[in-house]
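Trainee: Heads up, the sequence shown stops at 208 in the working numbering, and the numbers go up one at a time, no gaps.
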Amino acid sequence: MFHRKRVLLPGALVAGLLATLVSGCAPTVALDPAADATNPGCAEIMVRLPTTVADEPSRETNAQATAAWGSPAAVLLRCGVAEYGPTTLPCVRISGIDWVEDDSQKPSYTYTTFGRSPATQVIVDSNAVSASTALIDLQTAVAAVPQTSVCTSPDEILGTGANSSNTDPTSTPTPATETPAPTVPTDSGAPFVIETAPPTP
Numbered sequence: 008m009f010h011r012k013r014v015l016l017p018g019a020l021v022a023g024l025l026a027t028l029v030s031g032c033a034p035t036v037a038l039d040p041a042a043d044a045t046n047p048g049c050a051e052i053m054v055r056l057p058t059t060v061a062d063e064p065s066r067e068t069n070a071q072a073t074a075a076w077g078s079p080a081a082v083l084l085r086c087g088v089a090e091y092g093p094t095t096l097p098c099v100r101i102s103g104i105d106w107v108e109d110d111s112q113k114p115s116y117t118y119t120t121f122g123r124s125p126a127t128q129v130i131v132d133s134n135a136v137s138a139s140t141a142l143i144d145l146q147t148a149v150a151a152v153p154q155t156s157v158c159t160s161p162d163e164i165l166g167t168g169a170n171s172s173n174t175d176p177t178s179t180p181t182p183a184t185e186t187p188a189p190t191v192p193t194d195s196g197a198p199f200v201i202e203t204a205p206p207t208p
């Protein structure tokens, strides 16, 4: 006859194990894939994404060519979104990457690469992280897609994450017509919702 022995774990150890299990069950961030998410260029970007952005850890997402950081999600990325042509929206150049900036949903900012195909879109909750810091952290990955054109008069935003403030850069408009940016859904825990860009005045 076999007798089972009950093993009693110290309370602190049990609490630690439970904390580990709970921390490993963060919900997946629900995003829709962009129309061109299967573009090979998106794969080049995805394999280069950092594990942290603006000091926020990466999250699991449920769609191809998407990524998220922070809990709740403070930075969202989708590759393969609609590319901008000439636009009246501001353009900023951060660490050599041209970004079209849409602040119509402040404090959430939408940044879409300009002159790169496929285009990458990054959405930042500026109440949680610095947009410039996030974009600098993503520079290496985004630069994997070659630039074929540049903004007409971008504001130059240079620096490092350590020196970046929590305010978003003020940009100079580029004269032309506007191309709407696509809608991007977020997970239920995210503090922001991005809609389409406003119409041209």
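Note that the Cβ used here is the ideal one computed from N, Cα and C, for glycine as well.
As the structure is a computational prediction, the values presented were derived from the model and not from experiment.
With a cut-off of 8 Å, do at least 3 Cβ pairs link the region 40-59 to the region 109-117?
Mentor: No contact exists between the region 40-59 and the region 109-117.
Trainee: Compare the C-beta of VAL149 with all C-beta atoms of chain D and state if any pair is closer than 8 Å.
Mentor: Included in the structure is just one protein chain, with no chain D present.
Trainee: Name, in chain order, the residues that DSSP records as bridge partners for PRO47.
Mentor: Paired residues: none, contrary to the question.
Trainee: For the beta strand (DSSP E) that contains ALA74, what are its first and last residues?
Mentor: Per DSSP, ALA74 belongs to the beta strand (DSSP E) from 73-76.
Trainee: Tell me, please, which residues DSSP counts as bridged to GLU67.
Mentor: Its beta-bridge partners do not exist; DSSP assigns none.
Trainee: From GLY87, SER111, VAL152, pick the residue whose C-alpha is nearest to that of LEU96; which is it?
Mentor: For LEU96, the nearest C-alpha among the options comes from SER111.
Trainee: Just tell me which of SER65, ALA89, ILE143, VAL129 has its CA closest to the CA of ALA42.
Mentor: When each option's Cα is compared against that of ALA42, the closest is ALA89.
Trainee: Quick check: the region 152-163 against the region 91-110, are there 3 or more CB pairs under 8 Å?
Mentor: Output reads yes: the region 91-110 touches the region 152-163.
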